[in-house]
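Trainee: Residue numbers (the UniProt record's numbering), protein chains in the order written: chain P, 1 to 193; chain V, 1 to 193. Here it is, the structure in full.
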DNA sequence: GTCTATAGTTGGATAGAC
DNA sequence: GTCTATCCAACTATAGAC
């Protein structure tokens, strides 16, 4: 089932989480994947090719765990779903850590790499709109512009908190607490107007 | 006045803004500073040493332009000062761009480089405390814990917005508007309790 | 203090056997 | 498809002259 390519990409995600995009060495990747360096160049054009495909791989995976919903579970309320979407990225599990790290690396790299900007902007926009829609379900009377602004702040805050967590500045529980309160603060604001 | 070390650090800030921490090559730095690579190793222990001192340099410089106050200007109100501190980092001037870019890079690098973490954590803490103190001056009745949490959110949000701006996701004016509103939202929250 | 020249390493990439 | 062996470029860092 898990093809060789997939196996290498999974390993790449782990190595990136450990060393960063720039710290990914083909040799270390080979070892992590349990294959030779030669095989990596057989399956991918070059190191950059591995990187690009890994970021794609990671993005697909994030979509899966954010949206995941067991078949016979209660459907979530909009408020619960909102918490889900914003708090699921702040969990200390290997998969989330890998994804968040890679996302942060992608964001940071995009500052210097125009090629990455486009993909990133598109993904960010979709994410902001998703959060804005959820906010709108919780506070249906709030104007669209206010919802959009709140969504942008909440997602940007999440990125900021995520980086602080990953760079060892704050504990994960603390990051979660700050995020939870931010949601409340923004919702209170939307309610008020 | 500007010593050789300072000259190199200024060049380092420019190179980092252009190529990122990951892209900083000692040789390119030497060229940018108009000196030889050998001289860099004379003034700094190694590449990481340059990076660390650049972080410090950037931090000092940010403090200067954040705190800058002409000799015969009206002293700022706490609220104005708060806006200053949080909005000055969102300006499209070469100096601020350099600082913000370098800060983002250092934050991203710290995820993988334990050496940078300590410095970064210290600088972040000082910054958060400064903002918390200003918030306390605006809302003297708010409990210390609430002030600290608000300060952490505002500074983390600033980092998030700054990255989006630098990576081309949003326009600078929009980032500023979002930040301004965030300050209001947090102050409203502190007032309420 | 500063430069030039170069040593020493790391790591991406390829060739060729199996 | 996969591995082993190896080449070669890119970089960091040092030695030694001035």
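Just so it is clear, CB atoms sit at the ideal spot from N, CA and C, and this is done for glycine as well.
Spell out whether any CB of chain V is found under 7 angstroms from the CB atom of residue 124 (chain P).
Mentor: Taking Cβ atoms only, chain V reaches closer than 7 angstroms to residue 124 (chain P), which makes this a yes.
Trainee: Answer with buried or exposed for residue 77 (chain P), where buried requires no fewer than 16 other C-beta atoms within 10 angstroms of its C-beta.
Mentor: The residue is exposed, with fewer than 16 neighbouring Cβ atoms inside 10 Å.
Trainee: Using a Cβ-Cβ distance under 7 angstroms, would residue 117 (chain V) count as near chain P?
Mentor: So yes, residue 117 (chain V) belongs to the interface.
Trainee: Would you call the segment 145 to 157 of chain P and the segment 140 to 151 of chain V touching, i.e. three or more CB-CB distances under 8 angstroms?
Mentor: Judged by Cβ distances under 8 angstroms, the segment 145 to 157 of chain P makes no contact with the segment 140 to 151 of chain V, as fewer than three pairs qualify.
Trainee: Tell me whether the segment 156 to 165 of chain V and the segment 85 to 101 of chain V touch, counting them as touching only if at least three CB pairs, one residue from each stretch, are closer than 8 angstroms.
Mentor: A contact exists between the segment 156 to 165 of chain V and the segment 85 to 101 of chain V.
Trainee: Check each candidate in V:120, V:153, V:124 and name the one with the smallest Cα separation from residue 135 (chain V).
Mentor: Checking every option, the nearest Cα to that of residue 135 (chain V) belongs to V:153.
Trainee: Fully enclosed by the segment 19 to 66 of chain V, which alpha helix (DSSP H) runs are 4 residues long or longer?
Mentor: You should have 26 to 33, 37 to 43.
Trainee: With a CB to CB cut of under 7 angstroms and the five nearest residues on each side skipped, what residues in its chain are close to residue 27 (chain P)?
Mentor: Cβ neighbours of residue 27 (chain P) beyond the five flanking positions: 37.
Trainee: Whole-angstrom Cβ separation of residue 155 (chain P) and residue 127 (chain P), contact assumed at under 8 angstroms?
Mentor: Residue 155 (chain P) to residue 127 (chain P), Cβ: 6 angstroms. Contact.
Trainee: Near residue 67 (chain P), which residues of its chain fall below 6 angstroms by C-beta distance, leaving aside the five closest residues on each side in sequence?
Mentor: Same-chain partners within the cutoff: there are none.
Trainee: Please name the residue, chosen from V:137, V:80, V:49, that lies closest to residue 190 (chain V) on a Cα-to-Cα basis.
Mentor: When only C-alpha atoms are compared, the closest one is V:137.
Trainee: Please confirm if the segment 15 to 23 of chain V is in contact with the segment 78 to 87 of chain V, defined as three or more CB-CB distances below 8 angstroms between the two stretches.
Mentor: No, the segment 15 to 23 of chain V does not touch the segment 78 to 87 of chain V.
Trainee: According to the neighbour-count rule (16 or more other Cβ atoms, all chains shown, within 10 Å of its Cβ), is residue 122 (chain P) buried or exposed?
Mentor: Flag for residue 122 (chain P) reads exposed.
Trainee: What does residue 107 (chain P) reach in chain V if we use C-beta pairs closer than 7 angstroms?
Mentor: In chain order: 163, 167.
Trainee: Tell me which residue opens and which closes the alpha helix (DSSP H) that residue 80 (chain P) is part of.
Mentor: Counting along the chain, the alpha helix (DSSP H) containing residue 80 (chain P) begins and ends at 78 to 87.
Trainee: Helix, strand or coil: which one does DSSP assign to residue 183 (chain V)?
Mentor: Helix.
Trainee: I want to verify the contact list: residues of chain V whose CB lies under 7 angstroms from the CB of residue 101 (chain P), in sequence order.
Mentor: Near residue 101 (chain P) (Cβ distances below 7 angstroms), the residues of chain V are 111.
Trainee: Report the three-state DSSP secondary structure of residue 12 (chain P) (helix, strand or coil).
Mentor: Here residue 12 (chain P) sits in helix by DSSP.
Trainee: How long is the line joining the alpha carbons of residue 3 (chain V) and residue 10 (chain V), rounded to whole angstroms?
Mentor: Whole-angstrom Cα-Cα distance: 11 angstroms.
Trainee: Using a Cβ-Cβ distance cut-off of 7 angstroms, determine whether residue 187 (chain V) contacts chain P.
Mentor: No, its Cβ sits nowhere closer than 7 angstroms to a Cβ of chain P.
Trainee: Say whether chain P places a C-beta atom closer than 7 angstroms to the C-beta of residue 79 (chain V).
Mentor: Residue 79 (chain V) does not count as touching chain P.
Trainee: Roughly how many angstroms lie between the CA atoms of residue 49 (chain P) and residue 43 (chain P), to the nearest whole one?
Mentor: Distance between the alpha carbons of residue 49 (chain P) and residue 43 (chain P) is about 10 angstroms.
Trainee: Note down, in chain order, each residue of its chain lying with its Cβ closer than 8 angstroms to the Cβ of residue 181 (chain V), except the 5 sequence neighbours on either side.
Mentor: So the list is empty, once near-sequence residues are dropped.
Trainee: According to DSSP, is residue 90 (chain P) part of a helix, a strand, or is it coil?
Mentor: Three-state DSSP puts residue 90 (chain P) in coil, outside helix and strand.
Trainee: Which first and last residues belong to the alpha helix (DSSP H) in which residue 137 (chain P) is found?
Mentor: Taken as a continuous stretch (DSSP letters only), the alpha helix (DSSP H) holding residue 137 (chain P) covers 114 to 138.
Trainee: Going along chain V, which residues have a C-beta under 7 angstroms from residue 89 (chain P)?
Mentor: Result: empty, since nearest Cβ-Cβ is about 12 angstroms, beyond 7 angstroms.
Trainee: Quick one: grab the DSSP three-state call for residue 156 (chain V).
Mentor: Of the three classes helix, strand and coil, the one that applies to residue 156 (chain V) here is helix, per DSSP.
Trainee: Is DSSP giving residue 151 (chain P) helix, strand or coil here?
Mentor: Of the three classes helix, strand and coil, the one that applies to residue 151 (chain P) here is helix, per DSSP.
Trainee: Using the beta-carbon of each residue, which ones in chain P are nearer than 8 angstroms to residue 136 (chain V)?
Mentor: Those do not exist, as residue 136 (chain V) stays about 18 angstroms from chain P at its closest Cβ, beyond 8 angstroms.
Trainee: For residue 10 (chain V), would you say it is in contact with chain P, using Cβ-to-Cβ distances shorter than 7 angstroms as the test?
Mentor: No, its Cβ sits nowhere closer than 7 angstroms to a Cβ of chain P.
Trainee: Whole angstroms are fine: how far does the CA of residue 113 (chain V) sit from the CA of residue 32 (chain V)?
Mentor: Answer to the nearest angstrom: the Cα atoms are 25 angstroms apart.
Trainee: So the candidates are V:5, V:91, V:72; which of them puts its Cα closest to the Cα of residue 174 (chain V)?
Mentor: Closest option to residue 174 (chain V), Cα to Cα, is V:91.
Trainee: Residue 110 (chain P) and residue 167 (chain V): beta carbons closer than 7 angstroms?
Mentor: Taking 7 angstroms as the Cβ cut-off, residue 110 (chain P) and residue 167 (chain V) qualify as a contacting pair.
Trainee: Along chain P, which residues have their Cβ under 8 angstroms away from the Cβ of residue 195 (chain V)?
Mentor: This structure cannot speak to residue 195 (chain V), because chain V is shown only from 1 to 193.
Trainee: Please name the residues in the UniProt domain "HTH tetR-type" (2 to 62) of chain P whose beta-carbon is closer than 7 angstroms to at least one beta-carbon of chain V, in chain order.
Mentor: Cβ contacts with chain V come from 19, 20, 22, 23.
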